[in-house]
Structures are given as C-alpha cells and as structure tokens.
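Q:
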Amino acid sequence: MEATVDELSEAYSEFVAAAAAVVEARAQAGGEKTPATDAALEAFKQRWELFRVACDHAEELVESIRQRIGSECLVDEATGATSSSSSAAALAAPGIKPISAVRLEQMSKAVRWLVIELQHGAGGGASAAGPGGGGGGAGAGAAAASGVAGQHGHGGVDARFGEDGAQ
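Position 120, counted from 1, in the sequence shown is what the UniProt record's numbering calls 120; the numbers after and before it change by one each time, with no gaps.
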C-alpha cells in the first residue's frame, strides 16, 4: 500500500512540474506557439496519462481492500466472531444462530451460481416472473432456485438441505 501511495505521489509531483513547465514555456515564448511550448505540452500530456494510471491503480487497490474488509465482516457477523461481546451480538439478531464459515462459503457459492444461471436465462420458473418480480409467488422462485442449484452440481448448496437447523 505504501508503494502505491508513493507511486501516486510521485506521479502527481511530476504532473504538477510538467504543468509548471508549460506555463513557463508559454511565458518565455510570449504566448506564441513554439517548439519549446509544443514539447512542454507533450510532456504535460504524458505526465497526465501517467498520473491517471497511478490513480487507477490506487483506486483498484482501495476497492480490493474494501471488498476484503466487507467479506471479513460478513464472515465475522455470520459466524458470531465479532469483536463485540456475545450478549450484544445476541441482542442484535435474536433467534438467529451463527453459522460456520464453511457453510457461509457454500451458501455464497450457491447464490453466485444461481445469479449466473439466471443471467444466462436458465432460471426455469423464476424467469417467468420477469424483471419486475411478481408471477409464481415465493414458492415458485424457491423451487426454481433449489432446482438450479441441485441440477447442475456446481458444488453449491441445495436449499433442500436442512443443515442450518442442526447448527
């Protein structure tokens, strides 16, 4: 992360220096277009592009870290491994038992596969509902979801398994 900050800082400094060089070259040329001002503008364009690349790289790093933190928080919340006391966690979600991290990962994979299947039009009865939901009721969507997860054997969890009640 420090390397990314250093890269961004250096790219910014070079960009600002190139901007100053453009202003200085134009001042020396009396506002006229000269080979020196053209060279300064070209260097400015190059530094601008390098600065944008450094910004994109930093943004990707931040997004990656944000997603990792979100995933860790989700696992902690689902497994009951939060830093708060267990009584506070019990008050926040009364009647909901924590699940194992392995079970959470299985369910997450099953949901991802269902989304992929539905995006590719293999949703069976669930696709009849259309983009607005409706049609078929909640039972039809659950039946289609469990059928999709069970049919294709992606290693996901079938909704018909009663493992959650045992934990």
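A virtual CB, placed ideally from N, CA and C, is assigned to each residue, including glycine. Source: prediction; values computed, not measured.
Considering just the uninterrupted stretch of the alpha helix (DSSP H) at residue 170, what are its terminal residues?
A: The structure shown has nothing for residue 170, since the chain only spans 1 to 167.
Q: Pick helix, strand or coil for E32, following the three-state DSSP scheme.
A: Here residue 32 refers to the residue found at position 32 when the sequence shown is read from its first residue. If DSSP states are grouped into helix, strand and coil, E32 belongs with coil.
Q: Verify whether the separation of the beta carbon atoms of A11 and A54 is less than 9 Å.
A: Sequence index remark: in the sequence shown, residue 11 carries index 11 (1-based). Sequence index remark: in the sequence shown, residue 54 carries index 54 (1-based). It is a contact, given that the beta carbons lie within the stated cut-off.
Q: Just the Cα atoms here: how many angstroms apart are T4 and A78?
A: Taking the sequence shown and counting its residues from 1, the one referred to as residue 4 is at position 4. Taking the sequence shown and counting its residues from 1, the one referred to as residue 78 is at position 78. If I take the Cα positions, the gap works out to 33 Å.
Q: With distances taken between CB atoms, is the gap from E14 to L50 smaller than 9 Å?
A: Here residue 14 corresponds to residue number 14 of the sequence shown, with the count starting at 1. Here residue 50 corresponds to residue number 50 of the sequence shown, with the count starting at 1. Yes; because the gap between Cβ atoms is below 9 Å, this pair is in contact.
Q: Count the C-beta pairs between the stretch 18-30 and the stretch 62-71 that are closer than 8 Å, then say yes if the count reaches three, no if not.
A: no
Q: Roughly how many whole angstroms lie between the Cα atoms of L8 and A58?
A: Here residue 8 is taken as the residue at index 8 of the sequence shown, counted from 1. Here residue 58 is taken as the residue at index 58 of the sequence shown, counted from 1. So the two alpha carbons sit approximately 7 Å from each other.
Q: Just to confirm, is the Cβ distance from V75 to A43 under 9 Å?
A: Position 75 of the sequence shown, counting from 1, holds the residue named residue 75. Position 43 of the sequence shown, counting from 1, holds the residue named residue 43. Result no, Cβ atoms of V75 and A43 do not sit closer than 9 Å.
Q: What separation, rounded to the nearest whole angstrom, lies between the Cα atoms of Q106 and R52?
A: Here residue 106 refers to the residue found at position 106 when the sequence shown is read from its first residue. Here residue 52 refers to the residue found at position 52 when the sequence shown is read from its first residue. Taking the straight line joining both Cα atoms gives about 39 Å.
Q: Which same chain residues, not among the five before or five after A88, have their C-beta less than 6 Å away from its C-beta?
A: Within the sequence shown, the letter at position 88 stands for residue 88. With a pLDDT of only 47 at A88, under the threshold of 50, the placement of this residue in the model should not be trusted, and no figure is reported.
Q: Kindly indicate which residue of R112, K109, L104 has the alpha-carbon position closest to the one of E72.
A: Translated into the one-based positions of the sequence shown, residue 72 becomes position 72. Residue L104 is the option with its Cα nearest to E72.
Q: Please name the residue, chosen from A110, K109, V23, that lies closest to T37 on a Cα-to-Cα basis.
A: As a first step, residue 37 must be located in the sequence shown, where it is residue number 37. Among A110, K109, V23, the Cα nearest to that of T37 is on V23.
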